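There are 2 protein chains.
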Amino acid sequence: MKKIFSPDKKDWNKILKRPTSTVASIETTVNTIFNEVRQEGDSILRKYTSQFDSVSLDNFLVTTSELEEAKDLVSEDLKNAIQLAKSNIEIFHKAQVTNRVEAETKPGVLCWQEKRPIQKVGLYIPGGTAPLFSTILMLAVPANIAGCKEIVLCSPPDNEGKLNPAILYTAQLCGVTKIFKVGGIQAIAAMTFGTESIPQVYKIFGPGNQFVTVAKQIATKFGVAIDMPAGPSELLVVADDTADAAFVASDLLSQAEHGIDSQVILVSTSKELILKVEEEIVKQVFDLPRKEIAEKAIANSRLIYVEDDKTAIDLINEYGPEHYIVCVQNEEFYLKNTFNAGSVFIGNFTPESAGDYASGTNHTLPTNGYAKQYSGVNLDSFLKSMTFQKITKEGIQQIGSTIEIMAEAEGLQAHKNAVTLRLKSLKE
Amino acid sequence: MKKIFSPDKKDWNKILKRPTSTVASIETTVNTIFNEVRQEGDSILRKYTSQFDSVSLDNFLVTTSELEEAKDLVSEDLKNAIQLAKSNIEIFHKAQVTNRVEAETKPGVLCWQEKRPIQKVGLYIPGGTAPLFSTILMLAVPANIAGCKEIVLCSPPDNEGKLNPAILYTAQLCGVTKIFKVGGIQAIAAMTFGTESIPQVYKIFGPGNQFVTVAKQIATKFGVAIDMPAGPSELLVVADDTADAAFVASDLLSQAEHGIDSQVILVSTSKELILKVEEEIVKQVFDLPRKEIAEKAIANSRLIYVEDDKTAIDLINEYGPEHYIVCVQNEEFYLKNTFNAGSVFIGNFTPESAGDYASGTNHTLPTNGYAKQYSGVNLDSFLKSMTFQKITKEGIQQIGSTIEIMAEAEGLQAHKNAVTLRLKSLKE
């Protein structure tokens, strides 16, 4: 691991550089598949499913009997765990419900704001070795609280044409309305345009590999919204001598096992802690089944010593970490002054994996420095706010001349007329 | 104007089609200018300002003396109007402030959500014949309430190297921190990368021509967020016999004067009203200074008769209008069942221009059907929500085994370890 002591501010950019990947080459593939899906619908989905997932499917929709079967295949322990996590996520996301905001800005000028659900949303859940049922909890639970009418889920089938039972169980538990066995670029294209079997949606959520990520970007060109731009996962820990080095090492490793492009950073005002954490990492990585991945990610990562809290906070805000663990004496200072972070984990007994699964917060978070301007997924991600205004005769008399003057000054006579006509009618 | 009676549902798509424009050809130009600005900074801004705005500038930053001068050039009437509008916009956007959301999901598992300001935002205000100072109100007022630290404004200078006094006056009044005389693609590129004089920002807001719109799209490839994808402005009015045909016509025309690609639609269950509104439009358009623009936009537009309210609401939700006037007896039905609209204007005395200027609601709204999944600009557009969790020893004992079981099932052993280590330490 790279240890860096008291780096010069002018080098921060270089030190905090994220492992990036180029995607230009993928765009051509994505555009081709999008065009095909748009024109040919289900038949081309069958072709790609056979090509990429090595299985030939007549129907993509998961049937009731498949759902029943899945229930029996998930262990009671896992079911209980999923239910407890769901309950916590529900509690926290229900707490985010807001009331209508109302203001009478002038007598007779009533304005209000209401949030309404996005009617049709699509969730993408990757396949592969690890079935990410936890992501279904993070997306379908708030979609349901928001009141989205249609919640579509796409996930690639295995080579027997099946989805992992834990995925089916969780999707069903969380009120997903339709589950389709289709993955990759073709799934994103299907939800963008709609096909004979898969409905078009207004917003697409969820993680994925490089192909899926680029496909989601391209989808936005066709009028679909996405949760946020995606990048490799990352964790920044700020810790001092009050932190437990073994715990810190375990958190850094839990992030590192995600992928070889994951990035983990430790920032500390204690050189001693940095050395201890380094030792602990070497010790703990040894037993991990995903040791090779974690080791490669760790090689990309940094242990950074800084002289004081002020420097630390500037560096953290410059980076804008997705996950951010704060294990320091002077906790309040860090919480108050961090402006750019996705989700914050405070104290020795708050591992990052708690937020990944069960504390109740959402684990779909802005990576790649996007914490500077994007929220993580939350209840509002499934709603949009609409504004309303109702003006009485008294109200238009209160603000009418203001509108007339401003419209005139902007050279928009018809805007002015719409008010003038009304004011005149009140004088008659 | 095209009158359509009881259209078949299968033709809705065709009838509701928006006038679209292709942008592919612009992308090359935008990419070139972005590359140049990234590499050459201010010097290339000077070149383009000279080329597109016909003026040679040494400094882009508006000086204090220019600001003082502008104050004297704006009439007292206009100043008062701007101040009243500002006050209403402030009242409505301050009402949108939310408190921290907190939930103890299990004993010892405390989660909360806080909104923090986006530190650096950029506002783009177009130049040209009409100075859009009202848009400054709509963007800078909420940016200030949110607490954004740096609020940068770019707008193209006239051929004397000046900005319209109303723009300077409003920007100053609303707490814009720096105003730059630079416009077009080069302004968006400058705020994306930063130059010697213009700071890099995290999110760019504001309207613009096709070039600016594409530039904002391209900016998102470089890690900048934008307010929303933009399209031509539009208005849908739903009205019955209780509506005033002259008022309805004046509203349709106020939207039509924006541009030849603006779209206005009247949906009504009254054939009589449709005919009356058509007559009124012909009458009122005659005197407009922007008559030619309005007439062309009106030619694109539709007067649609439907048999009943249920059909009307389905058609409206399918369209998802940016501006939406509701002038009907059965008002509650429409308000309750409209899911897709930007801003809603209710009753005979609520012209759309009220929301453009002074009611207090925001006029930066989703066009092109984006009301299906995007909010208009509101206070939250300048904030991002961060989540926090603080788990006690008791708390991790409550949810620890849940995390362990789920992490194991997803094949993420290091995620599990981070919990196991902590649970073990509590048993010792």
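Each protein sequence line maps, in turn, to chains F and C. Sequential numbering of the first sequence, starting at 0, is according to numbering that gives the first Met the number 0. Sequential numbering of the second sequence, starting at 0, is according to numbering that gives the first Met the number 0. Using N, Cα and C, we set each Cβ at its ideal position, and we do this for glycine too. This structure is a prediction, so every number in the text was calculated from the model and none was measured.
Between the CA atoms of residue j and residue i - distance to the nearest angstrom
i	j	result
Q254 (chain F)	T349 (chain F)	14 Å
D239 (chain F)	A224 (chain F)	41 Å
T366 (chain F)	L235 (chain F)	11 Å
L425 (chain F)	E75 (chain C)	26 Å
V266 (chain F)	V305 (chain F)	7 Å
Q397 (chain C)	G183 (chain F)	37 Å
K415 (chain F)	L77 (chain C)	14 Å
G394 (chain F)	G107 (chain C)	51 Å
E256 (chain F)	L314 (chain F)	24 Å
Y168 (chain C)	A69 (chain C)	6 Å
G121 (chain F)	N143 (chain F)	12 Å
A94 (chain F)	D10 (chain F)	42 Å
A293 (chain F)	A248 (chain F)	12 Å
G146 (chain F)	K389 (chain C)	29 Å
E331 (chain C)	I404 (chain F)	33 Å
A413 (chain F)	Q216 (chain F)	39 Å
G126 (chain C)	D157 (chain C)	8 Å
A80 (chain C)	G258 (chain C)	25 Å
T337 (chain C)	T219 (chain C)	31 Å
R301 (chain F)	N299 (chain C)	59 Å
V96 (chain C)	K2 (chain F)	42 Å
T191 (chain F)	M227 (chain F)	16 Å
E35 (chain C)	S400 (chain C)	55 Å
Collapsed DSSP secondary structure at residue i in the structure displayed
i	result
I178 (chain C)	strand
E277 (chain C)	helix
M227 (chain C)	coil
G121 (chain F)	strand
T104 (chain F)	strand
M385 (chain C)	strand
Y304 (chain F)	strand
P116 (chain C)	strand
I14 (chain F)	helix
F59 (chain C)	coil
I203 (chain F)	strand
Residue range of the unbroken alpha helix (DSSP H) whose run includes residue i
i	result
H322 (chain C)	Counting along the chain, H322 (chain C) falls outside any alpha helix (DSSP H), though it belongs to the beta strand (DSSP E) covering H322 to C326.
S64 (chain C)	T63 to L72
R37 (chain F)	A23 to E39
I398 (chain F)	K392 to A408
F192 (chain C)	G183 to F192
Nearest residue (CA-CA) to residue i, options the options
i	options	result
K177 (chain C)	C:K119, C:F246 and C:Q185	C:K119
N58 (chain C)	C:L72, C:S42, C:T134 and C:F51	C:S42
W111 (chain F)	C:D260, C:N377 and C:L162	C:N377
I124 (chain F)	F:A170, F:S154 and F:M190	F:S154
P141 (chain F)	F:G359, F:V281, F:F285 and F:K309	F:G359
D308 (chain C)	C:L302, C:H322 and C:V327	C:V327
E351 (chain F)	F:Y323, F:Q283 and F:L274	F:Y323
F210 (chain F)	F:T28, F:S400 and F:V325	F:T28
Range of the contiguous beta strand (DSSP E) that encloses residue i
i	result
A238 (chain F)	E233 to A238
S342 (chain C)	S342 to I345
V54 (chain F)	Careful: V54 (chain F) lies outside any beta strand (DSSP E) and carries neither H nor E.
S154 (chain F)	E149 to S154
F210 (chain C)	That residue, F210 (chain C), is in no beta strand (DSSP E); its alpha helix (DSSP H) goes Q209 to A218.
L265 (chain F)	Q262 to S267
Interface flag, residue i vs chain C, CB-CB below 8 Å
i	result
E351 (chain F)	yes
Q95 (chain F)	yes
Q388 (chain F)	yes
S358 (chain F)	yes
N87 (chain F)	yes
Within chain D, partners of residue i - CB distance below 9 Å
i	result
P6 (chain F)	Of the protein chains in this structure, namely F and C, none is chain D.
Closer than 8 Å to chain F by CB, residue i
i	result
A311 (chain C)	no
G205 (chain C)	no
Q412 (chain C)	yes
E101 (chain C)	yes
E256 (chain C)	yes
P130 (chain C)	yes
L395 (chain C)	Note that residue 395 (chain C) corresponds to Ile in the displayed sequence, not to Leu. Yes, I395 (chain C) counts as interfacial toward chain F.
C110 (chain C)	yes
Q38 (chain C)	no
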